[in-house]
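Asker: After the structure tokens below, expect a handful of questions from me.
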Amino acid sequence: MTSTSSYPPANQDSLLLSLPVELQAHILQNCDYFTLKQLQSLCKSVKRLLGDVMFDRILFRSTLRPLSQDELRVLAQGSGPDSTPVIRLHPAMQESRWCVRDESRSISLFSSAERSEGQKHFDLEELDARNESVSCPAINRVQVIIQRYRVHDDYNVLMHKDSSIVEHEDTEANTNRIVTIEELARTLSQLQTRWQTQFSAWGNLQVRNVLPFPDGTEKISLSLLPNGSVVVTLDIFEHIFDEE
1 MTSTSSYPPA NQDSLLLSLP VELQAHILQN CDYFTLKQLQ SLCKSVKRLL GDVMFDRILF
61 RSTLRPLSQD ELRVLAQGSG PDSTPVIRLH PAMQESRWCV RDESRSISLF SSAERSEGQK
121 HFDLEELDAR NESVSCPAIN RVQVIIQRYR VHDDYNVLMH KDSSIVEHED TEANTNRIVT
181 IEELARTLSQ LQTRWQTQFS AWGNLQVRNV LPFPDGTEKI SLSLLPNGSV VVTLDIFEHI
241 FDEE
């Protein structure tokens with residue numbers, strides 16, 4: 001996974017490691033997800049430190065306990081329109097998009113940094129973060145929505161909307177199971193496949209740049225509703241024209 005975030009060069013790594021462990025931890029807790037992942041892969045000492053539970057939330061680890069809907073409802077009541085979001089979507093989902101590339105229905109990821117290099121992609125199974133929590137705090141239920149808008153010069157028209165639920169119920173054999181990046185990616189891909197099937201039946205219409213990378217034409221967001229429900233919405237703005 002790539003990011004535009006910078007991380008300390010080698011000489012600054014040495015300076016960081018010369019500090020007391022408590023101060024190292026304090027500094028690292030102020031780094032973003034991608035920076036920590038870079039440091040984790042470059043420095044064994046930092047990797048050991050990042051293994052501490054204090055970094056579970058920052059790194060969206062699968063060990064996080066999912067909040068119940070009642071807990072999420074309380075969390076929602078304490079948030080306001082101008083306050084810091086009380087629940088965050090995994091950075092990997094905000095920086096990338098998912099698609100079904102071919103008849104094998106393999107799911108691929110495209111990252112923003114790779115776009116200028118010809119939109120390189122790699123399979124979901126190759127993504128180290130696939131088993132990480134899709135959000136922080138972790139959740140065990142999410143509604144996934146895709147909304148497609150037809151783009152006109154002065155306005156956009158909602159032409160398609162579809163949704164699906166990802167949910168894990170606690171049982172004796174299955175407790176504290178969280179919604180992961182892989183599950184969200186697969187759900188988005190299933191919704192895309194349903195759309196492609198429907199669209200193919202529309203006749204002489206074409207979509208220019210289907211699912212372009214987010215650059216003003218695509219937006220993914222996470223919302224916590226007052227009742228404690230969590231919704232992930234992917235808005236896609238497409239240029240559709242009649243085939244001549």
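First residue of the sequence shown: 1, per this note's numbering; consecutive thereafter.
Quick reminder that beta carbons are idealized off the backbone N, C-alpha and C, glycines included.
Look up V46 in the DSSP assignment and say whether it is helix, strand or coil.
Answerer: helix
Asker: Relative to the C-alpha of D170, which residue among N140, R194, Q190 and L224 is closest?
Answerer: N140
Asker: When you compare each of A185, D162, I220 and L16 to T197 by their alpha carbons, which one comes out closest?
Answerer: Per the C-alpha coordinates, the member of A185, D162, I220 and L16 positioned closest to T197 is D162.
Asker: Counting along the chain, where does the alpha helix (DSSP H) carrying H160 start and finish?
Answerer: Where H160 is concerned, there is no enclosing alpha helix (DSSP H), although the beta strand (DSSP E) it sits in stretches over N156 to E167.
Asker: Are three or more beta carbon pairs between the stretch 14-31 and the stretch 132-151 nearer than 8 Å?
Answerer: no
Asker: Quick test of your reading: A92 and A129, contact by CB under 8 Å. State the CB separation rounded to the nearest angstrom.
Answerer: 5 Å
Asker: Within this structure, are the beta carbons of V142 and V231 separated by less than 8 Å?
Answerer: yes
Asker: Which residues bound the beta strand (DSSP E) around R61?
Answerer: Element bounds for R61: n/a, residue is neither H nor E.
Asker: Taking C-beta to C-beta, are L59 and L36 nearer than 8 Å?
Answerer: yes
Asker: Per DSSP, what are the beta-bridge partners of D153 in this structure?
Answerer: DSSP, once it has assigned bridges, lists no residue as partnering D153.
Asker: Which residues in the same chain have their Cβ closer than 8 Å to the Cβ of I145, if we skip the five residues on either side of it in sequence?
Answerer: Closer than 8 Å at Cβ, skipping near neighbours: K161, D162, S163, V231, V232, T233 and L234.
Asker: What does a CB cutoff of less than 6 Å around Q40 pick up in its chain, not counting 5 residues either side in sequence?
Answerer: K47 and L50
Asker: If distances are taken between C-alpha atoms only, which option among R177, N30, V166 and H152 comes closest to L67?
Answerer: Closest by alpha carbon: R177.
Asker: Taking just the CA atoms, how far does E183 sit from R194?
Answerer: 17 Å
Asker: Pull up the CB-CB distance for I87 and L222, whole angstroms please, since I reckon it's below 8 Å.
Answerer: With 8 Å as the limit, I87 and L222 qualify as a contact, their Cβ atoms being about 6 Å apart.
Asker: Using a Cβ-Cβ cut-off of 6 Å (strictly less than) and excluding sequence neighbours within five positions of R65, which residues of its own chain qualify?
Answerer: N176
Asker: By DSSP, does E182 sit in helix, in strand, or in coil?
Answerer: helix
Asker: With distances taken Cα to Cα, identify the nearest neighbour of P226 among R150, Q190 and A76.
Answerer: A76
Asker: Short of 8 Å in beta carbon distance, which residues of its chain neighbour R73, apart from the five on each side in sequence? Order them along the chain.
Answerer: Counting only Cβ-Cβ distances below 8 Å, and skipping sequence neighbours, we find P226, N227 and G228.
Asker: Rounded to whole angstroms, what's the CA-CA distance from Q147 to I165? Just pull it up for me.
Answerer: 15 Å
Asker: Going by DSSP, what residues sit across from E218 in a beta bridge?
Answerer: Beta-bridge pairing links E218 to I236.
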